[in-house]
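> In the numbering used here, the protein residues as written are 20 to 376. Sharing a structure, written as structure tokens. Questions coming.
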Ligand SMILES: Cc1cc2nc3c(=O)[nH]c(=O)nc-3n(C[C@H](O)[C@H](O)[C@H](O)COP(=O)(O)O)c2cc1C
């Protein structure tokens, strides 16, 4: 979009966070950013996605610009990460554009207005929306709980996930549990640890099923797990390292699919000078695409029948959306590519996928 190419040099005069705020402000203007919504319906277990492209978690953490996102012409959005209580996130420096690499580095650490505020905004959007855009709630335990650790903290993390599930159920089409963010010390340890499925994911999925029954939902609310692009050491997944992570979820039908991938700690360490050893943050954008693609190829064979696969990471051109789709993603999400490509970028990706169908 030519006008965005003209505006972007101005945007890049601003540091990344104020530029993000400006982007949100722009999205409030009543403009159909992506032209008419690309029609490429994808139906999965009764959920109808208007097309196969969504906005990844982290762009609208507090459900502030859902109407603007709907005007971008996407099929769905992952809101969040949402945590129970308001939280300011990590101290600065915590976000930077790496323009030469078409990448973004961040270690925001879940700044959030808290679940009550977000749930109210989701419900208000739902009441008025005519776009058909689906809403996914991306949830995680509170950083305060994870950082404190100690005896009983896993039980507390579980109770928080249950509170998030209860509060957000009515306004969410699906849920994503996110323990793959590298920006809260100890969070990924929960993901890689042995109790992840039984102590955190299964109880949340059971609760969602109960709520579905109580509220007479015509279909089950799905729960997906968001995965990192790498193992605990920051090394990209191989079949040997990813299979033990994924297989337990097939055995007990413990989740309904996967979102792959979150930002990369390994790439941040290698490519971001001064990122810091303790909390190096995560890299997203173009350099992440090969990792996302290979994780998806592995997941496409490791997932069990019927599980949904959402591909995210490094979609920088519409052809990249096709690449992730070919690697096995049923749906794809964008974030960094939209920062560099503008608010018309997601719809361009959706058109590319629709054309390939
Ligand atoms: C500034 C920023 C904040 C993010 N915040 C979250 C978050 O809160 N929760 C989450 O699951 N992923 C978060 N992500 C990760 C994205 O959802 C996505 O997985 C990642 O950026 C890779 O996609 P991309 O290369 O298209 O940006 C964030 C990414 C960025 C750049």
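Here a beta-carbon is modelled for each residue, glycine too, at the ideal position from N, C-alpha and C. These numbers were taken from a predicted model, which means no experiment stands behind them.
Measure from the alpha carbon of residue 63 to the alpha carbon of each residue in 216, 361, 350, then state which is nearest.
Of 216, 361, 350, the residue nearest in Cα terms is 350.
> Looking at the structure shown, is residue 393 part of a helix, part of a strand, or coil, going by DSSP?
Residue 393 lies beyond the stretch modelled for the chain, which goes from 20 to 376, so this question has no answer here.
> Give me the Cα-Cα distance between residue 137 and residue 192, rounded to the nearest whole angstrom.
So the two alpha carbons sit approximately 15 Å from each other.
> Is any heavy atom of ligand 1 found at a distance shorter than 8 Å from the C-beta of residue 165?
No, the Cβ of residue 165 stays beyond 8 Å of every heavy atom of ligand 1.
> Are the CB atoms of residue 95 and residue 155 within a distance shorter than 9 Å?
Yes; because the gap between Cβ atoms is below 9 Å, this pair is in contact.
> Counting Cβ pairs closer than 8 Å, one from the stretch 319-328 and one from the stretch 357-372, do we hit at least three?
Not touching, per the Cβ criterion.
> Along the beta strand (DSSP E) that carries residue 284, what are the first and last residues, could you check?
Unbroken run through residue 284 is the alpha helix (DSSP H), 284-290; no beta strand (DSSP E).
> Per DSSP, what are the beta-bridge partners of residue 88 in this structure?
According to DSSP, which records beta bridges pairwise, residue 88 is partnered with nothing at all.
> Looking at residue 220: is its Cβ nearer than 9 Å to the Cβ of residue 269?
Going by C-beta atoms, residue 220 is not nearer than 9 Å to residue 269.
> By alpha-carbon positions, which one of 302, 333, 140 ends up nearest to residue 253?
For residue 253, the nearest C-alpha among the options comes from 302.
> What does a CB cutoff of less than 8 Å around residue 30 pick up in its chain, not counting 5 residues either side in sequence?
Answer for residue 30: 38, 41, 42, listed in chain order.
> How should residue 352 be labelled, buried or exposed, when 16 other C-beta atoms within 10 angstroms of its C-beta is the threshold for buried?
Burial call: buried.
> Just curious, the alpha helix (DSSP H) that residue 313 is in, first and last residue?
Where residue 313 is concerned, the enclosing alpha helix (DSSP H) stretches over 308-321.
> Please tell me whether, using a cut-off of 8 Å, the distance from the CB of residue 234 to the nearest non-hydrogen atom of ligand 3 is below it.
As for ligand 3, it is missing from this structure, which binds only ligand 1.
> Whole angstroms is fine: what's the gap from residue 286's alpha carbon to residue 232's?
Each residue's Cα considered, the two are about 43 Å apart.
> Do the CB positions of residue 203 and residue 135 come within less than 9 Å of each other?
No. Outside cutoff.
> If we count the other Cβ atoms within 10 Å of its Cβ and call it buried at 16 or more, is residue 323 buried or exposed?
Residue 323 should be labelled exposed.
> Residues in its own chain within less than 7 Å of residue 79 by CB, not counting five upstream and five downstream?
The residues are 85, 88, 96, 98.
> Can we say the stretch 103-120 touches the stretch 58-73, given the rule of at least three CB pairs closer than 8 Å?
The stretch 103-120 is not in contact with the stretch 58-73.
> Buried or exposed: which applies to residue 368, given that a residue is buried once 16 or more other Cβ atoms fall within 10 Å of its Cβ?
By the 10 Å Cβ count, residue 368 comes out buried.
> Residue 54: which of 364, 374, 372, 45 sits nearest, CA to CA?
It is 364.
> Here's the rule I'm using: 16 or more other beta-carbon atoms within 10 Å means buried, otherwise exposed. How should residue 245 be labelled?
Buried: at least 16 other Cβ atoms inside 10 Å.
> For residue 182 and residue 28, I'd like the C-alpha separation in whole angstroms.
Approximately 43 Å, taken between the alpha carbons.
> My assumption, with CB atoms under 8 Å, is that residue 304 sits in contact with residue 335. Please give the rounded CB distance.
That belief holds up - the Cβ atoms of residue 304 and residue 335 are roughly 7 Å apart, short of 8 Å.
> Indicate whether residue 248 and residue 281 have their beta-carbon atoms separated by less than 9 Å.
Yes, they are a contact pair.
> Smallest Cα separation from residue 320: which of 283, 111, 259?
Minimum Cα distance to residue 320 is reached at 259.
> Alpha carbon to alpha carbon, how far is residue 298 from residue 348?
Approximately 30 Å between the Cα atoms of the pair.
> On the DSSP letters alone, give me the boundaries of the alpha helix (DSSP H) that residue 355 sits inside.
Residue 355 -> alpha helix (DSSP H) spans 355-360.
> Which ranges does the alpha helix (DSSP H) cover as unbroken runs of at least 4 residues, wholly within the stretch 81-142, from first to last along the chain?
The qualifying runs are 85-90.
> Between the C-alpha atoms of residue 113 and residue 127, what's the straight-line distance to the nearest angstrom?
Each residue's alpha carbon lies about 5 Å from the other.
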